[in-house]
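Engineer: Chains as they are written, first to last, in the working numbering: chain A, 490 to 701; chain B, 26 to 35. For each residue, glycine too, the CB sits at the ideal point set by N, CA and C. Computed from a prediction, not measured in an experiment: that's the story for all the values here.
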Amino acid sequence: MNLFRILGDLSHLVSIFILLQKMRSTRSCAGISLRTQILYLMVYCTRYLDIFWTFNASLYNSSMKLVFILSTAYTIYLMRTVYKTALDPQIDTFATYYLVGGAGLLAVLFPYKYTVYEVLWSFSIWLESVAILPQLFMLQRTGEAETITTHYLFALGAYRALYIPNWLYRWFLEGHFDPIATVAGIIQTLLYSDFFYIYYTKVLKGKKFELP
Amino acid sequence: IRIEEVKDEL
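1. Report the CB separation of residue 521 of chain A from residue 644 of chain A in whole angstroms; it is logged as a contact under 8 Å.
2. Is it buried or exposed, residue 623 of chain A, if we count other Cβ atoms within 10 angstroms and call 16 or more buried?
3. Which residues bound the alpha helix (DSSP H) around residue 498 of chain A?
4. Might you give, ordered along the chain, the residues of its own chain that have their beta carbon closer than 8 Å to the beta carbon of residue 629 of chain A, omitting 5 neighbours on each side?
5. Leaving out five residues on either side along the sequence, give the residues of the same chain with a beta carbon under 7 Å from the beta carbon of residue 26 of chain B.
6. Is the Cβ of residue 610 of chain A closer than 8 Å to any Cβ of chain B?
7. Using the beta-carbon count (16 or more within 10 Å), is residue 595 of chain A buried or exposed?
8. Within 8 Å (strictly less), CB to CB, does residue 539 of chain A reach chain B?
9. Classify residue 633 of chain A as helix, strand or coil using the three-state DSSP reduction.
10. Under 8 Å, Cβ to Cβ, is there at least one residue of chain B near residue 562 of chain A?
11. By alpha-carbon positions, which one of A:671, A:676, A:490 and A:512 ends up nearest to residue 565 of chain A?
12. Under 9 Å Cβ-Cβ, which residues of chain B neighbour residue 553 of chain A?
13. Just reading off the alpha helix (DSSP H) that residue 674 of chain A is part of, what are its end residues?
14. Please confirm if residue 620 of chain A has its CB atom under 8 Å from at least one CB of chain B.
15. Can you pull the chain E neighbours of residue 683 of chain A, defined as C-beta to C-beta under 7 Å?
16. Could you please give the first and the last residue of the uninterrupted alpha helix (DSSP H) stretch that includes residue 607 of chain A?
17. Is the CB of residue 458 of chain A under 8 Å away from at least one CB in chain B?
18. Under 8 Å Cβ to Cβ from residue 498 of chain A, same chain only, skipping five residues before and after it: list those, please.
19. State yes or no: is the beta carbon of residue 545 of chain A nearer than 8 Å to at least one beta carbon in chain B?
20. Assign residue 495 of chain A to buried or exposed, taking buried as 16 or more other Cβ atoms, counted over all protein chains shown, within 10 Å of its Cβ.
21. Hey, is the segment 596–615 of chain A in contact with the segment 528–539 of chain A, meaning 3+ C-beta pairs nearer than 8 Å?
22. In angstroms with no decimal places, state the Cα-to-Cα distance between residue 660 of chain A and residue 493 of chain A.
Here you go:
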């Protein structure tokens with residue numbers, strides 16, 4: 490466990506609470522992609538299956554896994570009940586099946602082992618790397634975003650970006666290297682690069698998030 | 026490359 494990893498995990502945790510706070514404070518889920526949230530729930534459910542047999546291995550990991558699954562399920566529940574009037578299926582239209590299909594194909598082609606758990610784990614890693622696309626697509630269609638939504642996206646993007654120095658650290662200092670997670674993590678971070686740029690040049694300077 | 030039996034990252 491190193492500083493980058495801890496900061497990455499905390500950033501991930503913070504992003505979920507920013508999202509819940511956004512819905513509470515604006516009493517709306519406008520601008521949030523339900524598709525992306527459902528993809529994340531799929532990611533956590535397929536990756537954290539090991540919670541049943543590694544519960545005692547690390548209390549930190551197990552409790553984070555539970556929090557990610559439950560808070561994302563709660564977010565989806567809120568979006569589909571309390572805040573459903575703000576859902577806009579006309580804007581949230583990214584072809585999610587391609588993402589699930591592509592991740593499934595990569596998982597079957599490149600698992601570490603051909604066991605149900607390892608294939609599902611690989612699936613979750615590839616799916617996570619592209620799960621943000623429906624959300625970014627929605628942002629592009631509307632052309633602007635509430636500031637709190639951009640903080641959510643920044644925290645979520647920062648999480649995987651911080652995992653990259655964590656992987657480098659572990660590679661050099663511990664001889665640990667996880668090629669699937671690293672390649673997928675780099676792709677995931679690259680998908681955010683445009684967003685990071687606009688967040689840095691506009692939101693951090695007090696301006697509204699608007700696409701040029 | 027060492028592949029861990031138990032995944033230790035989230």
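Structural biologist: A quick look at the data gives this:
1. Not quite, the Cβ-Cβ distance comes to about 14 Å (not below 8 Å), so this is no contact.
2. buried
3. Counting along the chain, residue 498 of chain A sits inside the alpha helix (DSSP H) bounded by residues 492–515.
4. 700
5. In this prediction, residue 26 of chain B scores a pLDDT of 44, lower than 50, which makes its location untrustworthy; the coordinate-derived value is nonetheless stated afterwards. Correct list: empty, nothing qualifies.
6. Under the 8 Å criterion on CB atoms, residue 610 of chain A is classed as interfacial with respect to chain B.
7. buried
8. yes
9. Here residue 633 of chain A sits in strand by DSSP.
10. no
11. A:512
12. 35
13. Per DSSP, residue 674 of chain A belongs to the alpha helix (DSSP H) from 668–680.
14. no
15. In the displayed structure, chain E is absent; the protein chains listed are A and B.
16. 605–619
17. With chain A represented from 490 up to 701, any question about residue 458 of chain A goes unanswered, as that position is not in the structure.
18. 553 and 648
19. no
20. Looking at its Cβ environment, which holds fewer than 16 other Cβ atoms inside 10 Å, residue 495 of chain A is exposed.
21. Flag = yes, the segment 596–615 of chain A and the segment 528–539 of chain A touch.
22. 13 Å
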